[in-house]
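Structure first, commentary second.
Numbering (this note's numbering), first residue to last: -15 to 378.
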C-alpha cells in the first residue's frame, strides 16, 4: 500500500498520462519537430514545495511556450489537439470564470434552493481544501518530467486538488438537490455528474498541476463532506433563511477564518483565493436571507416535485436575457468594487494601487478580496433579481 501511495504521489504517472494524450516536452524523444526555437531551461519550473519560491505568472501562446518561475521557459509539443482543447476547457470548469457564470445562472434560471445548496457546499469544501494545501504542504508534480501548462497556481501546494473538490461537490450537490425536486432519469444525472467531475480531474493531470493522489484525495474529501453534510442540508438551509443572526454570522465567521488563515514562509495566492470564495458565499447568503425576509419566501417543501418545463424559443430567449443582464451587472459590480475598495485601502495604508507587494499584505488582501466578492455575491442574489423584475423578465 505504501508503495502504491508513493507511486500515485510521484510525477511519473502524470508525465505518462501527458504522453499518452499527445503532450511532450521539446527535448524529449518524439518532440523534436516543435517550431519553437531556443533551449528549454530545466530544473527551474517548479513552485511550492519544490523550490519554495513564488512562481511568476506567465502565459505562452499556443505555439508551445510557457513561462514559469524565475524566467523558466518551458516548451512543448502538442500532438493531439483534441485532448489539448478538451482538457484546457475542462480545467476552466474549476476556475472563477465558471463559478461566476454557472452558479448565478442556476439561481436566476433554474431553482433558488438548488443554487443555495451548491453555493454553501462549494464554500465549505473549498475552504477545507485550500487550508489543507497549506497545512499538508505537499509539492506539485516536478518539471521535468511533467509539462506544466499553467504557472499562475504553481506557487501553491498540491494536495488536495481543489479543482477536483469543486467539480465533485458542485456536480453531485446539483444532482442530489434536483433529484427530489425535478422528474428526470437519475441515471442520466449520475452519468453527467460523473463525466463532469472526471473531466476536471483528468484536466489537472493533463495540465501537469497535480499528482494522481492529489486528484483522488480531492474527489474523496468532497465525497465524504457531501455524505456528512447531506443529512443537515434542510436544517442549514432553513436556518440561513430564517435566523435573525444569519447576516451577522455570515460576515463575521468568514472574515475570522480569512484573517486566521495558515501562514506560510512566502506569499501564496491560496489565502486570496480562499477570501474570494468565502466573500462570494457570504454576500450570496446575506442575499438569500434578505430575499426570504422581504420578498416571496424561497423555502419550499423537499417533497415538492415538478417536471422540467418544455423548452421553447421564448423560454430560451428569456433565460439568455436574464443571464446576460445579470452577468453584466455582476461583472460591473466586481470591477467597480475592485477600484473603489483598492483605492480606499491604498489611501488608508499609503501605497500606490499598482504596488503588488502591498496588495499581498494581510491587512490589504483580505478586506480587498472579501468586500469585492461579497458585493458580487449580494449583487447576484438581490440586485440582479430586482432588475429582472423591473425589466419584466420574471
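Where is the CB? At the ideal position from N, CA and C, for every residue including glycine. Predicted, not measured: the structure shown is a model, and the values here were computed from it.
Candidates 125, 179, 226: which alpha carbon is nearest residue 197's?
Here residue 197 is taken as the residue at index 213 of the chain shown, counted from 1. Comparing Cα positions, the closest option is 125.
Alpha-carbon spacing of residue 253 relative to residue 297, whole angstroms:
Residue mapping note: residue 253 aligns to position 269 of the chain shown, counting from 1. Residue mapping note: residue 297 aligns to position 313 of the chain shown, counting from 1. Roughly 43 Å separates the two Cα atoms.
Tell me residue 7's beta-bridge partners as DSSP assigns them.
Numbered from its first residue, the chain shown carries residue 7 at position 23. Looking at the DSSP assignment, residue 7 forms a beta bridge with 62.
If we ignore side chains and look at the alpha-carbon of each, how far apart do residue 22 and residue 304 end up?
Locating residue 22 in the chain shown gives position 38, counting from the first residue. Locating residue 304 in the chain shown gives position 320, counting from the first residue. Low local confidence applies: a pLDDT of 31 at residue 22 is under 50, so the model's placement there is unreliable, with the coordinate-based value given in what follows. Roughly 47 Å separates the two Cα atoms.
Where the alpha helix (DSSP H) containing residue 373 begins and where it ends
Translated into the one-based positions of the chain shown, residue 373 becomes position 389. 368 to 374 is the span of the alpha helix (DSSP H), which, as asked, contains residue 373.
So residue 261 packs on residue 111, CB below 8 Å; how close in whole Å?
As a working mapping, residue 261 is identified with position 277 in the chain shown. As a working mapping, residue 111 is identified with position 127 in the chain shown. With a Cβ gap of about 7 Å, residue 261 and residue 111 count as contacting.
Residue burial classification, residue 176 (beta-carbon count within 10 angstroms, cutoff 16)
Along the chain shown, read from residue 1 onward, the residue named residue 176 stands at position 192. Exposed, since its Cβ has fewer than 16 Cβ neighbours within 10 Å.
Whole angstroms is fine: what's the gap from residue 308's alpha carbon to residue 128's?
Start at 1 with the first residue of the chain shown, and residue 308 comes out as number 324. Start at 1 with the first residue of the chain shown, and residue 128 comes out as number 144. Taking the straight line from one Cα to the other gives about 43 Å.
Indicate the three-state DSSP secondary structure (helix, strand or coil) for residue 334 in the structure shown.
Against the chain shown, residue 334 aligns to sequence position 350. In this structure, residue 334 counts as coil in the three-state DSSP scheme.
Residue 288, buried or exposed, once every other Cβ within 10 Å from all chains shown has been counted against 16
As a position in the chain shown, residue 288 is number 304, starting the count at 1. Note that residue 288 scores 40 on pLDDT, short of 50, meaning its location in the model is unreliable and no value can be drawn from it.
As assigned by DSSP and simplified to three states, the class of residue 166
For the purposes of this step, residue 166 is taken as residue 182 along the chain shown, with counting starting at 1. Strand, per DSSP.
Compare the beta carbon distance of residue 365 and residue 229 with 9 Å and say whether it is the shorter of the two.
As a first step, residue 365 must be located in the chain shown, where it is residue number 381. As a first step, residue 229 must be located in the chain shown, where it is residue number 245. No.
Let me know the secondary structure DSSP gives residue 192 once reduced to three states.
Here residue 192 corresponds to residue number 208 of the chain shown, with the count starting at 1. Residue 192 falls in the coil class under three-state DSSP.
Cβ atoms of residue 181 and residue 148: under 9 Å apart, would you say?
As a first step, residue 148 is located in the chain shown; it is residue number 164 there, counting from the start. As a first step, residue 181 is located in the chain shown; it is residue number 197 there, counting from the start. In contact: residue 148 and residue 181 (Cβ atoms closer than 9 Å).
What number of angstroms, rounded off, separates the C-alpha of residue 199 from the C-alpha of residue 145?
The sequence position of residue 199 within the chain shown is 215, counting from 1. The sequence position of residue 145 within the chain shown is 161, counting from 1. For residue 199 and residue 145, the distance between alpha carbons rounds to 5 Å.
Hey, residue 317 and residue 359 are a contact pair by Cβ (cut 8 Å); roughly how many whole angstroms apart?
Numbered from 1 along the chain shown, position 333 holds the residue referred to as residue 317. Numbered from 1 along the chain shown, position 375 holds the residue referred to as residue 359. About 6 Å; that satisfies the 8 Å criterion.
Is the beta carbon of residue 119 less than 9 Å from the beta carbon of residue 246?
Translated into the one-based positions of the chain shown, residue 119 becomes position 135. Translated into the one-based positions of the chain shown, residue 246 becomes position 262. Cβ distance < 9 Å, so residue 119 and residue 246 count as in contact.
CA-CA distance, residue 314 and residue 363?
Position 330 of the chain shown, counted from the first residue, corresponds to residue 314. Position 379 of the chain shown, counted from the first residue, corresponds to residue 363. Those two C-alpha atoms are separated by around 6 Å.
So, do the stretch 211 to 224 and the stretch 91 to 106 have three or more beta carbon pairs nearer to each other than 8 Å?
yes
Where residue 352 and residue 69 are concerned, what is the direct C-alpha to C-alpha distance, given to the nearest angstrom?
The residue given as residue 352 occupies position 368 in the chain shown. The residue given as residue 69 occupies position 85 in the chain shown. Rounded to the nearest angstrom, the two C-alpha atoms are 34 Å apart.
Which residues mark the beginning and the end of the alpha helix (DSSP H) in which residue 275 is found?
As a working note, residue 275 is residue 291 in the chain shown. Its alpha helix (DSSP H) spans residues 254 to 278.
Let's test the definition: count the other Cβ atoms within 10 Å of the Cβ of residue 193 and tell me whether it reaches 16, buried, or not, exposed.
By one-based count along the chain shown, residue 193 stands at place 209. The residue is buried, with at least 16 neighbouring Cβ atoms inside 10 Å.
Grab me the residues of residue -1's own chain with a C-beta within less than 6 Å of its C-beta, minus the 5 sequence neighbours each way, in chain order.
As a first step, residue -1 is located in the chain shown; it is residue number 15 there, counting from the start. Answer for residue -1: 129, 130, listed in chain order.
Report the CB separation of residue 269 from residue 234 in whole angstroms; it is logged as a contact under 8 Å.
As a working mapping, residue 269 is identified with position 285 in the chain shown. As a working mapping, residue 234 is identified with position 250 in the chain shown. Contact holds; Cβ gap of about 4 Å.
Starting from residue 91 and walking both ways along the alpha helix (DSSP H), at which residues does that stretch end?
The residue labelled residue 91 in the question sits at position 107 within the chain shown. It spans 80 to 93 - the alpha helix (DSSP H) in which residue 91 sits, taken as one unbroken run.
Would you decide whether residue 187 is buried or exposed? Buried here means 16 or more other CB atoms lie within 10 Å of its CB.
As a position in the chain shown, residue 187 is number 203, starting the count at 1. Flag for residue 187 reads buried.
Is residue 139 helix, strand or coil by DSSP?
Reading the chain shown from its first residue, position 155 is the one you call residue 139. Note: residue 139 maps to coil in three-state DSSP.
Could you pull out every residue in the same chain whose Cβ sits closer than 6 Å to the Cβ of residue 361, ignoring the five residues on either side in sequence?
Taking the first residue of the chain shown as position 1, residue 361 is located at position 377. So the list reads 264, 267, 268, once near-sequence residues are dropped.
Distance, residue 143 Cα to residue 286 Cα
By one-based count along the chain shown, residue 286 stands at place 302. By one-based count along the chain shown, residue 143 stands at place 159. Annotation note: pLDDT 42 at residue 286 (below 50); position unreliable, coordinate value reported separately. The straight-line gap from Cα to Cα measures roughly 36 Å.
Checking 9 Å against the spacing of the C-beta atoms, do residue 378 and residue 306 come in under that value?
Numbered from its first residue, the chain shown carries residue 378 at position 394. Numbered from its first residue, the chain shown carries residue 306 at position 322. Their beta carbons are under 9 Å apart, which means residue 378 touches residue 306 by this criterion.
With the cut-off set at 9 Å, would you say residue 357 and residue 259 are in Cβ contact?
In the chain shown, the residue the question calls residue 357 occupies position 373. In the chain shown, the residue the question calls residue 259 occupies position 275. Closer than 9 Å, so yes.
Kindly indicate which residue of 310, 214, 249 has the alpha-carbon position closest to the one of residue 93.
On the chain shown, position 109 is the one that residue 93 refers to. Closest by alpha carbon: 310.
With a floor of 4 residues, list each alpha helix (DSSP H) that falls wholly inside the stretch 202 to 248, ordered by position along the chain.
217 to 226, 230 to 243
Please list, in chain order, all residues of the same chain as residue 113 whose beta carbon is under 6 Å from its beta carbon, the five residues on each side excluded.
Mapped onto the chain shown, residue 113 falls at position 129. Closer than 6 Å at the Cβ level, and outside the excluded window around residue 113, lie 144, 146, 149.
Can you check whether the CB of residue 105 is closer than 9 Å to the CB of residue 209?
To locate residue 209, count along the chain shown from 1; it is residue 225. To locate residue 105, count along the chain shown from 1; it is residue 121. In this structure, residue 105 lies closer than 9 Å to residue 209 by Cβ.
How many whole angstroms separate the CB atoms of residue 71 and residue 191, which I take to be in contact at a CB cut-off of 8 Å?
Translated into the one-based positions of the chain shown, residue 71 becomes position 87. Translated into the one-based positions of the chain shown, residue 191 becomes position 207. Contact holds; Cβ gap of about 7 Å.
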